[in-house]
Amino acid sequence: MNATHFEAALLAVPKAVPELRHAVRGYLGGGGPHPEVELCVSELVSNVIRHVGEGTPVRVRVRRVGPDDDRIRVEVTDPDPRALPILLDATTDTGLGAESGRGLLLLDAVAVRWGVEQVVSGKVVWCEVRG
Numbered sequence: 012m013n014a015t016h017f018e019a020a021l022l023a024v025p026k027a028v029p030e031l032r033h034a035v036r037g038y039l040g041g042g043g044p045h046p047e048v049e050l051c052v053s054e055l056v057s058n059v060i061r062h063v064g065e066g067t068p069v070r071v072r073v074r075r076v077g078p079d080d081d082r083i084r085v086e087v088t089d090p091d092p093r094a095l096p097i098l099l100d101a102t103t104d105t106g107l108g109a110e111s112g113r114g115l116l117l118l119d120a121v122a123v124r125w126g127v128e129q130v131v132s133g134k135v136v137w138c139e140v141r142g
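Start counting the sequence shown at 12; every next residue gets the next number (this note's numbering).
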């Protein structure tokens, strides 16, 4: 971690998620609470656990972006270029009525924008929220 961004390399396991939220909260510091950022970090890492596999190595990066640093960008990089996130339809059984699979819907609701970038080492799933 440095003054311009937070970065952590870790294994995507369930116990790492609350620890990661705590670390991100510490990085964002006194600028007030950022529950949207914590939600995005949790959901993106949880998606790696669920869809790529528990124990997958990931890199999490959080930084301020925009002309006035008015947004916070969350990036999670994993090594699997094939397991791409899909936004489900909230009106189907796999949407809001399902017991799982709502994380990306929540992320889509709080993020200004989000996307996926394929990179040599896998993919980066990212989102930006107002900060």
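Built from N, CA and C at the ideal position, the CB exists for glycine as well.
- About 6 Å separates the beta carbons of VAL76 and GLU139, which is inside the 8 Å limit, making them a contact pair.
- Per the coordinates, the alpha-carbon of VAL130 lies some 8 Å from the alpha-carbon of PRO92.
- The region 19-35 makes contact with the region 53-67, as at least three CB pairs between them are under 8 Å.
- Using a 10 angstroms sphere on the CB of ASP89, the tally of other CB atoms reaches 16 or more, which defines it as buried.
- Considering only ARG141, ARG61, ALA20, the residue with the shortest C-alpha distance to ARG84 is ARG141.
- Residue state for GLY40 is assigned as helix, using DSSP reduced to three classes.
- Under the 10 Å beta carbon count, LEU98 is surrounded by fewer than 16 other beta carbons and is classified as exposed.
- In the three-state DSSP reduction, GLU65 falls in the coil class, being neither helix nor strand.
- Runs of the beta strand (DSSP E) lying entirely within the region 74-105 and spanning at least 3 residues, in chain order: 82-89.
- In its chain, beyond the 5 residues on either side, GLU49, VAL52, SER53 have a beta carbon closer than 8 Å to the beta carbon of ARG32.
- Counting C-beta atoms within 10 angstroms of its own C-beta, ALA122 has 16 or more neighbours from the protein chains shown and is therefore classed as buried.
- Between the alpha carbons of PRO44 and VAL73 lies a distance of about 15 Å.
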